[in-house]
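*Asks:* If you scroll down you'll find the structure; I have some questions about it.
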Amino acid sequence: MKKAQGGIDRILEEQSKPVGMKQHIELYRAHVQQLQEIKSNAMSLAAMRKLEEEKKTGIPLARFLIAAENPSSEPKTMTVRSLLPKENHGG
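As C-alpha cells, this is what we get:
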C-alpha cells in the first residue's frame with residue numbers, strides 16, 4: 000500500500016513540474032502505464048487476500064443481498080434456499 004501511494008505521489012509531483020510539450024506527453028504516457036500497474040497490483044493483492052481467507056475456512060465466500068417486502072402486517076420468518084449454478088470453466 001505504501002509503495003502504491005509512493006508511486007502516486009511521484010506521479011503528482013512530476014505532473015506539477017513545468018516541462019516542454021514533448022516531455023509532458025512522454026510523462027503522461029509513462030504515468031498512465033504506472034497507474035495501470037498500481038491498479039493491477041492492488042487488484043492482485045485483493046484477490047490474494049480473498050484466496051487466503053478461503054484457505055482458512057475452506058469455503059469460498061459469496062455474499063448476496065436479497066430485498067423482500069412482506070405484504071401482510073403480520074411478521075413472518077422464511078428460510079430461503081437456492082442452489083448455485085455450476086461453474087463454467089470453459090473448454
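Those letters in the sequence shown? Residues 0 to 90, by numbering that gives the first Met the number 0.
Just so it is clear, CB atoms sit at the ideal spot from N, CA and C, and this is done for glycine as well.
1) DSSP three-state label for Gly19, please.
2) When you compare each of Leu44, Ala29, Met77 and Pro74 to Lys2 by their alpha carbons, which one comes out closest?
3) Rank Phe63, Lys38, Val18 and Lys21 by C-alpha distance to the C-alpha of Gly6 and give the top, closest one.
4) Inspect the CB distances between the segment 23–31 and the segment 7–14 and report whether three or more fall short of 8 Å.
5) Run through DSSP, which three-state label would Met42 get?
*Replies:* Result, derived from the coordinates:
1) Here DSSP, grouped into helix, strand and coil, assigns Gly19 to coil.
2) Closest option to Lys2, Cα to Cα, is Leu44.
3) The option with the nearest alpha carbon to Gly6 is Lys38.
4) The segment 23–31, when compared against the segment 7–14, does touch it at the 8 Å Cβ threshold.
5) When secondary structure is reduced to three states using DSSP, Met42 falls in the helix class.
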